[in-house]
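Peer 1: Below is a structure I'd like to ask you about.
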Amino acid sequence: MKRLYIAIIFLMVFVIPASFSQQIVPPQPEPPSPPFQLPIEPPKQQFPSQDLFAAPPTTERWDSLEPMPTRRTEVAVASIGEKIYVIAGMNKEGRAIDTVEVYDTITNTWMRVSSLPAKLHHVTAASYASEIYAVGGIRDGWIETDSLFIYSQENDSWREATNMPTKRGALTAQFIDGVLYAVGGSTRIAMDTNEAYNPETDFWEKKTLMLTARDHLTSAVLGGKMYVIGGRSISLATNLGTNEVYDPATDSWTSLESMPTPRGGIAAAEIGGSIFVFGGEQTSGTFSENEQYIPNEGWFSHKSMPTSRHGLGAAAVDDRIYVIGGGVAPGLSVSNVNESYYNANFVPEFGVLSFVVLGVSFTLVVILYSSRRITMQN
């Protein structure tokens with residue numbers, strides 16, 4: 022098993038004398054005061070404590086958080102710092118909306134910010150340099166768009182940029198080295214389109230087509246490559262487990278091991294050098310699956326979502342993945358569910374070493390960043 026540890030060691034030294042006494046001489050002939058002594062600290066273990074690598078009480082868990090103010094599905098989600106932006110989507114009437122709400126992961130609170138300039142569902146979003154890029158999507162009447170809107174966190178404002186060459190919704194997008202890659206989607210048929218946008222030049226460029234045409238797919242970035250996972254070919258009955266990786270350096274695609282549970286209408290996030298994929302839908306219901314992909318190792322099953330959903334969004338902030346919104350039933354349904362996933366095997370671990378050398382007490386605090394994987398079966 023591969024492990025990667027980066028150790029940051031803080032050394033705190035406490036000099037504890039074995040004992041001392043102080044004789045107090047009274048100025049008048051009174052009985053002498055009893056000698057005063059500090060309590061002697063019991064001898065400390067002279068070898069590393071056994072709990073240094075002890076597993077945390079809960080290896081993985083889900084937590085229910087403050088619900089999103091607006092119930093919706095088919096949303097776009099992106100994060101900037103400690104805040105997660107949920108953009109547009111579809112309401113319970115099946116209409117596109119322009120609502121943008123921000124979840125603060127520190128305070129567990131929501132606030133509303135400037136609306137998207139257009140009412141859209143099945144739009145996708147990615148963040149870069151304190152801005153969010155919302156691309157594509159579908160208007161009321163199931164009209165696909167080629168729009169690109171850019172949100173400034175600093176100014177709480179949106180601006181339009183050059184449209185994509187190809188209109189589509191239900192696509193996925195990621196930034197790699199300052200370039201936005203918009204992949205897949207649909208215009209009544211599943212698409213294999215791959216187009217790249219350079220914010221510095223405000224210019225789009227067509228790239229090598231994806232190997233498998235699909236919509237309602239998801240993606241994440243690892244090691245400068247875009248992993249594009251799952252999706253379907255329009256119908257709920259044609260879910261895919263397809264897993265393909267795009268390398269911008271060579272403008273090429275490679276087929277990888279398929280996701281164990283074929284599904285579309287999903288969300289993904291990268292954490293700890295791996296990709297977690299959540300939710301989805303089929304004709305008979307929605308998925309609660311939580312499956313993890315580690316490059317060169319494969320797929321692993323983890324603790325299922327408490328609330329099965331499709332059309333949801335996901336974002337990793339610090340040591341957690343936040344999974345927000347989506348429909349709880351196939352087709353048109355909405356929710357305001359906000360749940361976070363924590364896996365102790367992909368966050369910092371802490372240990373303490375205590376020992377005594379020549380009467381001096383030493384305490385070492387060790388922080389270990391571990392990339393090891395422990396498989397959890399549902």
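With my numbering applied, the sequence shown corresponds to residues 22 to 399, in that order. All residues carry an ideal CB built from backbone N, CA and C; glycine is no exception.
#1: For E175, which option in L353, K324, I101 and G306 has the closest C-alpha, if you only look at C-alpha atoms?
#2: Which runs of the beta strand (DSSP E) at least 3 residues long sit entirely within the segment 174-206? Give them in chain order.
#3: Check T222 in the structure and name its three-state DSSP category.
#4: On a CA-only basis, which of F224, I164 and A194 is nearest N184? Give me that one, please.
#5: Leaving out five residues on either side along the sequence, give the residues of the same chain with a beta carbon under 8 Å from the beta carbon of T304.
#6: Assuming P310 is part of the beta strand (DSSP E), what are its boundary residues?
#7: Applying the 10 Å Cβ sphere with the 16-neighbour rule, what's the burial state of K140?
#8: Comparing alpha-carbon positions, which option in E103, F170 and T282 lies nearest F136?
#9: Three-state secondary structure (DSSP) at N260?
#10: Taking only the alpha-carbon atoms, compute the straight-line gap between G251 and R133 and give it to the nearest angstrom.
#11: Name the residue from Y343, V355 and E81 whose alpha carbon lies nearest to the alpha carbon of T307.
#12: Ignore the nearest five residues each way along the sequence and tell me which others in S148's own chain have a CB closer than 7 Å to its CB.
#13: Is the beta carbon of V344 sitting closer than 8 Å to the one on Y362?
#14: Give the secondary structure of A365 by DSSP, where H, G and I count as helix, E and B as strand, and everything else as coil.
#15: State yes or no: is the C-beta of I153 within less than 8 Å of the C-beta of Y172?
#16: Look at the Cβ atom of M111, then the Cβ atom of G346, and state whether they are nearer than 8 Å.
#17: Can you give me the Cβ contacts of T275 inside the same chain, cut-off strictly under 6 Å, excluding the 5 residues immediately before and after it?
#18: Could you check the C-alpha separation between V200 and P186 for me, to the nearest Å?
#19: Check for me: the beta strand (DSSP E) holding M231 runs from which residue to which?
#20: From what residue to what residue does the beta strand (DSSP E) around E122 run?
#21: Does DSSP classify G301 as helix, strand or coil?
#22: For A337, which residues of its own chain have a beta-carbon under 7 Å away from its beta-carbon, when the five flanking residues on both sides are left out?
#23: What three-state label does DSSP hand K113 in the structure shown?
#24: Taking the Cβ atom as the reference point for each residue, do T229 and L261 lie within a distance shorter than 8 Å?
#25: Can you give the Cα-Cα distance for N264 and Y314, rounded to whole angstroms?
#26: By Cβ distance, which residues of its chain are closer than 8 Å to I197, with the 5 residues on each side in sequence left out?
#27: Measuring alpha carbon to alpha carbon, tell me which residue in G301, K113, E318 and A117 is nearest E310.
#28: Considering only C-alpha positions, which residue in the set I342, M280, I296 and A97 is nearest to I118?
#29: For the beta strand (DSSP E) containing I153, list its first residue and its last residue.
#30: Following the continuous beta strand (DSSP E) through T275, name the residue where it begins and the one where it ends.
#31: With DSSP collapsed to three states, give me the class of N357.
#32: Which residues in the same chain have their Cβ closer than 6 Å to the Cβ of W83, if we skip the five residues on either side of it in sequence?
#33: Who pairs with D169 in a beta bridge, going by DSSP?
Peer 2: Taking the structure as given:
#1: I101
#2: 178-181, 193-197 and 200-204
#3: coil
#4: F224
#5: L257, A258 and P351
#6: Note that residue 310 is Glu in the sequence shown here, rather than Pro. Per DSSP, E310 belongs to no beta strand (DSSP E) and is neither H nor E.
#7: buried
#8: Sequence check: residue 136 is Ser here, not Phe. The option with the nearest alpha carbon to S136 is F170.
#9: strand
#10: 31 Å
#11: V355
#12: A99, S100 and I101
#13: yes
#14: helix
#15: yes
#16: no
#17: V266
#18: 15 Å
#19: It is not in any beta strand (DSSP E) - M231 carries neither H nor E in the DSSP assignment.
#20: A117 to D125
#21: coil
#22: A290, E291 and I292
#23: coil
#24: no
#25: 10 Å
#26: V242, G245, K246, M247 and P269
#27: G301
#28: A97
#29: E152 to V156
#30: S273 to S276
#31: coil
#32: P327, E360 and Y362
#33: Strictly speaking, residue 169 in this sequence is Leu, with Asp absent from that position. Bridge partners of L169: V156.
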